[in-house]
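Everything in the sequence shown is counted per this note's numbering, starting at 2 for the first residue and increasing by one. Step one of this worksheet: look at the structure below.
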Amino acid sequence: MNHLTTKLQTGLYFVATPIGSARDITLRALDVLASADVIAAEDTRSMRRLLEIHGVALGERPLIAYHDHSGAGARDKLMAHLAAGRSVAYASEAGTPLIADPGYDLSRAASEAGHLVTSAPGPSAVATALTLAGLPTDAFFFAGFLPNARKARVSALEALRDVPGTLVFYESPRRVAAMLGDAAQALGAGRAAAMCRELTKKFEEVRRGSLGELAGALDGQTVKGEVVVLIDRARGDGASEADIEAALRQALDSMSVRDASETVAKAFGGHKRKIYQMALALKTEN
Ligand code: SAM
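Now the structure itself:
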């Protein structure tokens, strides 16, 4: 047994749990689970299993089911434990609470009531996928789950077209092929992307390619398991700033700033405003 039982300060402890491999839990997370006066979980069955695997005895401590839609009743119960000076550990079914998972309302309620809100951090599919995808991680935008309805999904993707970082989505295996097809349409088939499946599990797989290639490869296929999709930021179809500048100089010989920037933006698929500003700067330079 490698966990410590200590008296925890009163407060709410968000505990991250494994996203696949059961041993991906931190020693501190086990200490918190072993020591908290009350354990609350999105799924009490998975919590019991986790405690059992790691030899943490629940004993006489309450194990309470909670998710943000359990309603005010379940939340009030946890808030009453906090008000009575107890420590409450909360875990979602897998990964980090609040990351496309419940916990937000509980966190707000506990902090508004002046309680300590802290965490025992650990695995999350978004961080694991970013580590493996082979796409830039200097900036990323976690977009969670896209809408299920096609039209709403395409609009949501279009709204993310100019985000200057890697886009990260959680997706259901049943919808991932359609989602990649929609993304190719909304963002351009040439964008680099990756599909990370079954992370930390036996059949872990990372597929990399352009959106068009991935959508084509998955078309009509049955995808199994849990999936994260990552998409590179817009790259002006791979054109360098020098390429765009050269094309602008040529266009400006015979066109107005507006026409030249529109023509070049269309040809290179780049950011319209940025190209317009480049054209303006070149014009004033001459
Ligand atoms: N809170 C979790 C976290 O921190 O990653 C996410 C919970 S969300 C309800 C579940 C989604 O996360 C899945 O549909 C999938 O998109 C992604 N996910 C979770 N575990 C995964 C895994 N092992 N491999 C790939 N994706 C995973």
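The C-beta atom is built at its ideal place from N, Cα and C for all residues, glycine as well.
Query, Result
"C-beta contact flag for Thr7 and Ser36 at 8 Å", "yes"
"Short Cβ contact (8 Å threshold) for Thr18 with Ala95", "yes"
"Residue from Tyr67, Arg50, Ile40 whose Cα sits closest to the Cα of Glu61", "Ile40"
"Contact check, Val1 vs Phe143, beta carbons under 8 Å", "One cannot answer for residue 1 here, as it falls past the ends of the chain, which runs 2 to 287."
"Local Cβ density within 10 Å of Tyr105, reported as buried at 16 or more and exposed below that", "exposed"
"Start-to-end residues for the beta strand (DSSP E) that takes in Gly145", "141-146"
"Contacts around Val164, its chain only, beta-carbon distance under 7 Å, and the 5 residues preceding and following it disregarded", "Phe142, Arg234"
"Alpha carbon of Met205 to alpha carbon of Ser173, nearest angstrom", "Note that residue 205 is Glu in the sequence shown here, rather than Met. Going by the C-alpha atoms only, they are around 16 Å apart."
"Local Cβ density within 10 Å of Thr167, reported as buried at 16 or more and exposed below that", "buried"
"Whole-angstrom C-beta distance between Asp102 and Ser93, which should lie under 8 Å", "4 Å"
"The segment 211-227 / the segment 181-191 touching (three or more Cβ pairs under 8 Å)", "yes"
"Cross-strand partners of Tyr171 (DSSP beta bridge)", "Phe146, Val229"
"Span separating the alpha-carbon of Ala282 from that of Val224", "49 Å"
"Which listed residue (Ile245, Leu107, Cys197) has its alpha carbon closest to that of Ala266", "Ile245"
"Ile20 Cβ short of 7 Å to the ligand SAM heavy atom set", "yes"
"Asp260 versus Tyr277 - alpha carbon distance", "9 Å"
"Proximity of Thr97 and Gly56 at Cβ, strictly below 8 Å", "no"
"Alpha-carbon to alpha-carbon, Gly221 and Arg209", "18 Å"
"Glu246, DSSP secondary structure in three states", "helix"
"Complete alpha helix (DSSP H) runs within the segment 51-111 (minimum length 4 residues, chain order)", "73-84"
"Proximity below 8 Å, CB of Thr201 to CB of Thr119", "no"
"Chain-order list of residues whose beta-carbon lies under 8 Å from that of Ala288 (same chain, five-residue window excluded)", "The requested residue 288 does not occur in the structure, where the chain is confined to residues 2 to 287."
"Identity of the residue in Cys197, Arg250, Ala58, Gly115 nearest Val127 by Cα", "Cys197"
"Proximity test, Ile232 beta-carbon vs the ligand SAM heavy atom, cut-off 7 Å", "no"
"Residue span of the beta strand (DSSP E) that contains Arg209, given as start and end", "206-211"
"Ser125 vs Leu9 beta-carbon contact at 8 Å", "no"
"Neighbour flag for Asp233 against chain D, beta carbons, 8 Å", "In the structure shown, chain D cannot be found, because there is only a single protein chain."
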